[in-house]
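Quick notes on the structure that follows.
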Amino acid sequence: MTTSDYVLVGDHNLYSGSEANSQWMQIAEIVNHPSYDSNTLDNDIALIRLKTEIQFPSDNKIAPVCLPTAGEMYDSVDATITGWGAQQEGGYWYSC
């Protein structure tokens with residue numbers, strides 16, 4: 000098993016993996032967007048299915064994201080988008 004077979008959850012420093020509430024989770028499957036284009040990076044998103052469920056601590060230091068109810072409409076509602084990655088090719092990695 001290699002580190003590419005795992006996901007680190009609940010850690011702000013991805014290089015150390017040392018935070019008390021961080022957990023290494025084994026990957027069962029990576030599902031790429033069906034229209035992903037590796038040349039243009041269009042639809043560069045994937046789902047990662049884990050082999051086991053994440054055990055969320057009672058102190059909520061690791062918690063699942065809240066998702067909207069299916070069918071709800073959010074037209075004209077302000078939203079916040081977050082993520083991580085490089086802002087330009089070869090650039091520094093950021094989370095926002």
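Residue numbers (numbering that gives the first Met the number 0): 0 to 95.
Built from N, CA and C at the ideal position, the CB exists for glycine as well.
If you draw a 10 Å sphere on the C-beta of Q54, you find fewer than 16 other C-beta atoms in it, and that means exposed.
Annotation: the continuous beta strand (DSSP E) that includes Q25 extends over Q22 to N31.
In this structure Q22 is buried. Its beta-carbon is surrounded by 16 or more other beta-carbon atoms within 10 angstroms. Just measuring C-alpha positions, the residue of P63, N42, L40 and R48 sitting nearest E28 is R48. Here the alpha carbons of D4 and T79 stand approximately 30 Å from one another.
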